[in-house]
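At the far end of the sequence shown sits residue 270, using this note's numbering, and the numbering has no gaps.
We put the beta carbon where it would ideally sit given N, CA and C, even for glycine.
These notes concern the structure reproduced below.
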Amino acid sequence: MRCRQGIGLVRRVAAWLADGRWYQEKDQQVFGESIGRGASRIISAMVRGLAHGRINPNLLTVIGVAINVGCGLLFGFGHFFWAGIILIVANLFDMLDGQVARLSGRVTRFGGFLDSSLDRLSDMVVLVGLIIFYARDTEFHSTLNVFLVCAAMMGSVLVSYTSARAESLIPKCDVGFLRRPERVVLLIIGALTTHPGSQNLFLNRMPAVLWILAVGSYWTFAHRMYHTWREVNKADAANARAASENPLPASNAGAERRTEPELVR
């Protein structure tokens, strides 16, 4: 039961990071609802202020990446708590850029491309910071944790690429638990609850978070592969059925047969 509630909380926070809205479950307490609504009001006020100030949304995207670079440096030097705080600020900018663009009427195709591309860079620099921390020749050195971070990094790339490639074949492919907002929330939780060198599990949760990121990313990758395979097969079957119900006229078929040898030559 606690695990299910924890997953639900991660998803709600991830959804809030993604678009600034707090999604409620029927059994959620009034206290949590008040926090979500209060945070949403603050974000909405910030979005309105930035939109009225004619701030370029692409500038917010670039600022978010720069802050993520600082987060990676903090991770590399072992300042996990402050890295978690900076990660929250960085993803606040990542959340604001799209909303500011929509409110100010400055949504562009390049803006979406820039945001998506720099999101990958942001993910990488944060994880590279963790790799540096665990790979350094210090008392915190851990080959296993380096492997887990590398696995999580590759998994995150696969999840993003699979979605982008699949959506050239099917309308939508956003299935799976561990999408980017969920990964960010887990990293924030790990950073804020980790004191390097502590033997207490509750004060050193980053290794557990890395396990979840590594395994969950590949699970999401496999889920998206299966979802795409199923949807493509469904579409192919529907097309084949439509073709059998509406065959080409004999004249057209004959024309195709006559032109085929020329195409082969």
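The C-alpha of Glu172 is placed about 33 Å away from the C-alpha of Pro212.
In its chain, beyond the 5 residues on either side, Leu215, Trp216 and Ala219 have a beta carbon closer than 7 Å to the beta carbon of Leu153. In the DSSP annotation of this structure, His84 is not part of any alpha helix (DSSP H), being labelled neither H nor E. As the crow flies, the alpha-carbon of Trp224 is around 8 Å from that of Gly181. Per DSSP, Asn244 has no beta bridge partner at all. By the neighbour-count criterion, in which a residue is buried when 16 or more other Cβ atoms sit within 10 angstroms of its Cβ, Leu64 is exposed. A Cβ-Cβ contact shorter than 8 Å links Arg53 with Leu108.
Per DSSP, the unbroken alpha helix (DSSP H) holding Phe118 starts and ends at Arg114 to Ala140. Looking at the DSSP output, Asn209 bridges to Thr199. A distance below 8 Å separates the beta carbons of Phe85 and Pro201. In the three-state reduction of the DSSP assignment, His232 falls in the helix class, which pools H, G and I. Of the candidates Ser49, Gly83 and Ala247, Gly83 places its Cα closest to the Cα of Leu197.
Thr143 carries a coil assignment under DSSP once its states are collapsed to helix, strand and coil.
Counting the other CB atoms within 10 Å of its CB gives Asp124 a total of 16 or more, which places it among the buried residues. Approximately 25 Å separates the beta-carbon atoms of Ile193 and Gly117; this is outside 8 Å, ruling out the contact. Contact between the region 137 to 149 and the region 67 to 84 is present: three or more C-beta pairs spanning the two stretches fall below 8 Å. In this structure, the beta-carbon distance from Leu163 to Phe226 falls below 8 Å. With respect to the C-alpha of Gln104, the residue from Ile72, Asn238 and Asn61 having the closest C-alpha is Asn61.
Counting along the chain, Gly160 sits inside the alpha helix (DSSP H) bounded by residues Thr148 to Ala171.
Within the region 47 to 110, no run of beta strand (DSSP E) at least 3 residues long lies entirely inside it. If you draw a straight line from the Cα of Val130 to the Cα of Ala247, it is about 49 Å long. Here the alpha carbon of Leu149 sits roughly 10 Å from the alpha carbon of Ala156.
If you check the CB distance, Cys178 and Thr113 do not come in under 8 Å. Here Asn251 carries a coil assignment [DSSP, helix/strand/coil]. Straight-line spacing of the CA atoms in Ala71 and Ile48 works out to 21 Å.
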